[in-house]
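If you read the protein sequences in the order shown, they are chains E and D. Be aware that the first sequence starts at 29, since it is given in my numbering, and climbs by one per residue. Be aware that the second sequence starts at -14, since it is given in my numbering, and climbs by one per residue. Beneath this line is the structure, given in structure tokens, with notes to follow.
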Amino acid sequence: MSDEIEQTGAAQDDARKPGWLARLRQGLARTSAKLGGGIIGLFTKRKLDDATLEELEDLLIQADLGVKTAAKLTANLARERFDKEVTSEEVRQAFADDIAEILTPVALPLAIDPALKPHVVLVVGVNGTGKTTTIGKLAKQFRDQKKKVVLAAGDTFRAAAVEQLKIWGERTGCPVIAGPENCDAASLAFDALKQAKADGADVLLIDTAGRLHNKAALMDELKKVIRVIAKMDPAAPHSTVLVLDATTGQNAHAQVETFRSMVNVTGLVMTKLDGTARGGVVVALADAFGLPVHAVGVGEGADDLRPFDANAFARNLMGLE
Amino acid sequence: MFDGLTGKLGDVFERLKRRGALSESDVQAAMREVRVALLEADVALPVVKDFIAQATERAIGKEVLRSVTPGQMVVKIVHDTLVEMLGSEPEPVDLNAPAPVPILMVGLQGSGKTTTTGKLARRLTQRDKKKVLMASLDVYRPAAQEQLRILGEQTGVATLPVVKGEQPVSIAKRAMTVGRLQGYDVVMLDTAGRLHIDEALMAEVAAIRETVDPHEVLLVVDAMTGQDAVNVARTFKERVGVTGIVMTRVDGDARGGAALSMRGVTGCPIKLMGVGEKMDALEDFHPQRIAGRILGMGDVVSLVEKAAETIDKDEAEKLARKMSKGDFDLDDMASQLRQLRKMGGMGGLMGLLPGIGKMQKQMAGANIDEKMLVRQEAIITSMTKKERKDIKLLNASRRKRIAAGSGTSVQDVNRLLKQYQDMSRVMKQMGKKGMLKGLMGGLGGMGGGGMPQMPPGGLGGGLGGLGGGGSGLPGLPKLPGGKLPPGFGRR
Chain E
29 MSDEIEQTGA
39 AQDDARKPGW
49 LARLRQGLAR
59 TSAKLGGGII
69 GLFTKRKLDD
79 ATLEELEDLL
89 IQADLGVKTA
99 AKLTANLARE
109 RFDKEVTSEE
119 VRQAFADDIA
129 EILTPVALPL
139 AIDPALKPHV
149 VLVVGVNGTG
159 KTTTIGKLAK
169 QFRDQKKKVV
179 LAAGDTFRAA
189 AVEQLKIWGE
199 RTGCPVIAGP
209 ENCDAASLAF
219 DALKQAKADG
229 ADVLLIDTAG
239 RLHNKAALMD
249 ELKKVIRVIA
259 KMDPAAPHST
269 VLVLDATTGQ
279 NAHAQVETFR
289 SMVNVTGLVM
299 TKLDGTARGG
309 VVVALADAFG
319 LPVHAVGVGE
329 GADDLRPFDA
339 NAFARNLMGL
349 E
Chain D
-14 MFDGLTGKLG
-4 DVFERLKRRG
6 ALSESDVQAA
16 MREVRVALLE
26 ADVALPVVKD
36 FIAQATERAI
46 GKEVLRSVTP
56 GQMVVKIVHD
66 TLVEMLGSEP
76 EPVDLNAPAP
86 VPILMVGLQG
96 SGKTTTTGKL
106 ARRLTQRDKK
116 KVLMASLDVY
126 RPAAQEQLRI
136 LGEQTGVATL
146 PVVKGEQPVS
156 IAKRAMTVGR
166 LQGYDVVMLD
176 TAGRLHIDEA
186 LMAEVAAIRE
196 TVDPHEVLLV
206 VDAMTGQDAV
216 NVARTFKERV
226 GVTGIVMTRV
236 DGDARGGAAL
246 SMRGVTGCPI
256 KLMGVGEKMD
266 ALEDFHPQRI
276 AGRILGMGDV
286 VSLVEKAAET
296 IDKDEAEKLA
306 RKMSKGDFDL
316 DDMASQLRQL
326 RKMGGMGGLM
336 GLLPGIGKMQ
346 KQMAGANIDE
356 KMLVRQEAII
366 TSMTKKERKD
376 IKLLNASRRK
386 RIAAGSGTSV
396 QDVNRLLKQY
406 QDMSRVMKQM
416 GKKGMLKGLM
426 GGLGGMGGGG
436 MPQMPPGGLG
446 GGLGGLGGGG
456 SGLPGLPKLP
466 GGKLPPGFGR
476 R
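Below, the structure is given as structure tokens:
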């Protein structure tokens, strides 16, 4: 097994070429090239009229900002500069400022309370958003901060999910608590918390199976996990992180809304931001829910999880740097 | 956020209130709503624009039929155009090539490639009696190869043994060799998830394509994908020659506009959709259903099919006979409850009904307990056989015993009995009117609530209780009347 891990690990490292910064910039550059380029196309210097505003709104919609947020941003712009001569630079700056204003309050890292031993983090989300990978990356980060981390392989449903987390455990040097196949996720989480307490761990990261938010039975299962771990520590989980795939469109709203009301999500992690035309949905979500965005995922490697920087993100999104 | 296009268009046309042909200004007012609806459903903007242009052209000057409102008329035109653009003719996965037929699965990370590979392999094996070999070319994600191996074990489909450290192109070659030598009909190649802009990985999948010359290249896309769907589909099509699309997580509540986007920009047919976590949850693509969803009109066709699939025909016939005679007892009610549960419970059913978006929210708010169905069944099974035939036997002490036996309260027992009485009264009436002839179930009666496209009859009688006059479905809170099928109205 460990041989194979080395192999896959090595294969993965070979595939990683540029660093994360380059990757983020590269990814966002495509977004912004399109968005920024589109805006440059609209203006050299011309009057901000209704038709232009509509085109601007369309561009924001194409970045997944959503109809409502796009309308709000263009309305803001219109209020200030309608009928005035504007340049593309000014428009982009104005949008970037507004977006940064929306994003700044939510750009908060996942803070681990050192008084809690352990600080319990429950990681939830729909299928395939990258929960397990995010846990691996978070574990790496906390390990780099010399914290003691325990991982709980709570995805007892998907084939090989436990193996996947175990490999992350070996890569980051964290113990992984796992049960037999198809065991009860709640009791596993309970055992993991017990173990983490006994070990004096700083952080316990609990993985869960991906679930669609409209499946009541699966959401109940998640509530049960919380109920059961709360028996040992009434304040646990101290953080519940919803992992969102940045490729997701407007359904992200439904996901956040449901997970928040069902399991009291305390923050978001946005994954797969290294692709194209994305990030917009973060703006819409921040505007609608105001939940902290803890981090963004920009690749498959252990170091590809970055803090969310509102200003840089907004300026990048508008092609300003 | 969005309560159905029909409702919104209703508001648009409220002011008009007239018949005749649709004027240009009417249509344009309506199309603004359609545009928002499509964008909120994540249809990509360029595709939305094309679509609006087409639908507008069709709608202007159309005579509004006497029986419908202008709003409904526009919805119909929009719906029809949408179905056409999604592809009216279903296109199945094509296996018409010399064996072993290579099928290549590609897509972004987390779109559901491996699960879909397992589902499709299972279907080809069990339904089409093909000998299928699956091979995982995912050497990047930890335990990905292991995942496919386990799926193979679960579904009884062969998987190519994993050789540590082997690179994707050589795995693909080896899979084809094994496929040829061991007489497999189909070889399914599950690739690693990759971003369409990751040059190195796209080159890799192009190389795999060169090597095996797959007969089908299926792009697996999450139904929740946003505006980016067009970029993904276009790039994959250019680089690896996608022949068909598989939409996954159609069982979620995303509107699935990505389907229209991808079909629109690539022209590739959507061949399959994943509708659940279980290995049999794979269906052929139905453009009508997705069209209805994109427009927020529910999914009546699915509901009908689901009912037809789940309801035990014999049991339904037996029940229909019994009901027409007016002897509907608690055993029959229990069997109804079971069938309702099989269909996915109230939540599942409601999700399929059109115009119920708002109600669904209220239901979520009212915290409907799906377990109610289970509990009510428990109450019935806690009765003696005699009691089930004749509820008059149920005096206070028997009721107490039943409550204790089923872990409920006497109030719960009483509520169930009241429901039963309501239901049997309605059934007697229906029996008299001869509505139960054939297999016409109560579901048909639900059509009165403003459901389009309801086929007359054709449904199992097992749902009789659903659509009746005053009877209530178990566990439903009071919901606003009017648009609702009557059976849903009472607690």
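Ideal Cβ positions, reconstructed from N, Cα and C, are used throughout, including at glycine.
Coarse secondary structure for residue 306(D), derived from DSSP in three states: Taking the second sequence and counting its residues from 1, one reaches residue 306(D) at position 321. Residue state, collapsed to three classes: helix.
Three-way DSSP call (helix, strand, coil) for residue 126(D) in this model: Walking along the second sequence from the start, residue 126(D) turns up at place 141. Coil.
Residue-level contact to chain E via CB, residue 464(D), 7 Å cutoff: Numbered from its first residue, the second sequence carries residue 464(D) at position 479. With a pLDDT of only 34 at residue 464(D), under the threshold of 50, the placement of this residue in the model should not be trusted, and no figure is reported.
Minimum Cβ-Cβ distance from residue 210(D) to chain E less than 7 Å: Translated into positions along the second sequence, residue 210(D) becomes position 225. Interface residue, yes.
Cross-chain neighbours of residue 24(D) in chain E, by beta carbon under 7 Å: As a position in the second sequence, residue 24(D) is number 39, starting the count at 1. Those within 7 Å of residue 24(D) in chain E are 89, 95.
Span of the alpha helix (DSSP H), counted from its first residue to its last, around residue 187(D): Residue mapping note: residue 187(D) aligns to position 202 of the second sequence, counting from 1. Where residue 187(D) is concerned, the enclosing alpha helix (DSSP H) stretches over 184 to 197.
is_contact[residue 277(E), chain D] using C-beta, thresh 7 Å: Along the first sequence, read from residue 1 onward, the residue named residue 277(E) stands at position 249. Output row for residue 277(E): interface = yes.
Outcome for residue 80(E) when other beta-carbon atoms lying within 10 angstroms are tallied against a minimum of 16: Translated into positions along the first sequence, residue 80(E) becomes position 52. With 16 or more Cβ atoms within 10 Å of its Cβ, residue 80(E) is classed as buried.
Terminal residues of the alpha helix (DSSP H) in which residue 246(D) lies: Counted from its first residue, the second sequence places residue 246(D) at position 261. Per DSSP, residue 246(D) belongs to the alpha helix (DSSP H) from 242 to 251.
Close-in-space but distant-in-sequence residues of the same chain around residue 21(E) (CB under 6 Å, 5 per side omitted): Shown here, chain E extends from 29 to 349; a query on residue 21(E) therefore has no answer.
Selected residue, minimal CA-CA separation from residue 271(E), among 258(E), 321(E), 296(E), 102(E): Translated into the one-based positions of the first sequence, residue 271(E) becomes position 243. Closest by alpha carbon: 296(E).
7 Å Cβ cutoff, residue 21(D) in contact with chain E: To locate residue 21(D), count along the second sequence from 1; it is residue 36. Yes - at least one Cβ of chain E is within 7 Å of the one on residue 21(D).
Classification of residue 372(D) by the beta-carbon crowding that lies within 10 angstroms, buried from 16 upward: Position 387 of the second sequence, counted from the first residue, corresponds to residue 372(D). Under this definition residue 372(D) is a buried residue.
Chain E contact for residue 38(D) (CB, 7 Å cutoff): On the second sequence, position 53 is the one that residue 38(D) refers to. So no, residue 38(D) is outside the interface.
Ranges of the beta strand (DSSP E) found wholly within the stretch 14 to 102 of chain D, counting only runs of at least 3: 86 to 92
Counted within 10 angstroms of its Cβ, other Cβ atoms place residue 162(E) as buried (16 or more) or exposed: Mapped onto the first sequence, residue 162(E) falls at position 134. Label assigned to residue 162(E): buried.
Endpoints, the alpha helix (DSSP H) within which residue 262(D) is located: In the second sequence, residue 262(D) corresponds to position 277, counting from 1. Here residue 262(D) belongs to no alpha helix (DSSP H), and DSSP marks it neither H nor E.
Below-7 Å beta-carbon distance, residue 27(D) vs any chain E residue: Here residue 27(D) corresponds to residue number 42 of the second sequence, with the count starting at 1. So, interface residue.
Cα-Cα separation between residue 402(D) and residue 376(D), rounded to whole angstroms: As a first step, residue 402(D) is located in the second sequence; it is residue number 417 there, counting from the start. As a first step, residue 376(D) is located in the second sequence; it is residue number 391 there, counting from the start. Between residue 402(D) and residue 376(D), the C-alpha separation is close to 8 Å.
Test: residue 193(D) CB closer than 7 Å to a CB of chain E: Within the second sequence, numbered from 1, the residue matching residue 193(D) stands at position 208. No - not a single Cβ of chain E is within 7 Å of the one on residue 193(D).
Contact set between the stretch 324 to 338 of chain E and chain D, restricted to residues whose Cβ is under 7 Å from the partner: 328
Cross-chain neighbours of residue 128(D) in chain E, by beta carbon under 7 Å: As a working note, residue 128(D) is residue 143 in the second sequence. Per Cβ cutoff of 7 Å: 188, 191, 192, 195.
CB contact below 7 Å: residue 303(E) versus chain D: Working through the first sequence from its first residue, we reach residue 303(E) at position 275. Chain D contact via Cβ: present.
Contacting residues, own chain, Cβ-Cβ under 6 Å from residue 320(E) (five flanking each side not counted): For the purposes of this step, residue 320(E) is identified with residue 292 of the first sequence, where counting begins at 1. Same-chain partners within the cutoff: 134, 136, 295.
Nonlocal neighbours in the same chain, by C-beta distance under 7 Å from residue 222(E), ignoring five residues either side: Position 194 of the first sequence holds residue 222(E). For residue 222(E), where only same-chain residues beyond five positions count, the Cβ hits under 7 Å are 260.
Rounded straight-line distance, which links the Cα of residue 280(D) to that of residue 64(D): For the purposes of this step, residue 64(D) is identified with residue 79 of the second sequence, where counting begins at 1. For the purposes of this step, residue 280(D) is identified with residue 295 of the second sequence, where counting begins at 1. Their backbone Cα atoms lie some 8 Å apart in a straight line.
Cβ pair residue 109(D), residue 68(D) closer than 7 Å: The residue you call residue 109(D) lines up with position 124 of the second sequence. The residue you call residue 68(D) lines up with position 83 of the second sequence. Their beta carbons are not under 7 Å apart, which means residue 109(D) does not touch residue 68(D) by this criterion.
Close-in-space but distant-in-sequence residues of the same chain around residue 263(E) (CB under 7 Å, 5 per side omitted): Along the first sequence, read from residue 1 onward, the residue named residue 263(E) stands at position 235. No residues qualify anywhere along the chain.
Chain-ordered chain E contacts of residue 234(D) [CB-CB under 7 Å]: The count along the second sequence starts at 1 and reaches residue 234(D) at position 249. Within 7 Å Cβ-Cβ: 155, 240.
Contact under 7 Å by Cβ, residue 207(D) with residue 96(D): The count along the second sequence starts at 1 and reaches residue 207(D) at position 222. The count along the second sequence starts at 1 and reaches residue 96(D) at position 111. Yes. Within cutoff.
Neighbour list for residue 156(D) in chain E, Cβ cutoff strictly below 7 Å: For this step, residue 156(D) is matched to residue 171 along the second sequence. Simply none; closest approach about 12 Å.
Extent of the continuous beta strand (DSSP E) run through residue 180(E): In the first sequence, counting from the first residue as 1, residue 180(E) sits at position 152. Run containing residue 180(E): 177 to 180, per the beta strand (DSSP E) assignment.
Test: residue 282(E) CB closer than 7 Å to a CB of chain D: Walking along the first sequence from the start, residue 282(E) turns up at place 254. Closer than 7 Å: yes.
Cutoff 8 Å; reference residue 201(E); Cβ partners in own chain excluding five residues on either side: For this step, residue 201(E) is matched to residue 173 along the first sequence. Only 171 meet the Cβ criterion.
The beta strand (DSSP E) enclosing residue 120(D), as first and last residue numbers: The residue given as residue 120(D) occupies position 135 in the second sequence. Run containing residue 120(D): 117 to 121, per the beta strand (DSSP E) assignment.
Terminal residues of the beta strand (DSSP E) in which residue 234(E) lies: Within the first sequence, numbered from 1, the residue matching residue 234(E) stands at position 206. Note, residue 234(E): beta strand (DSSP E), 231 to 234.
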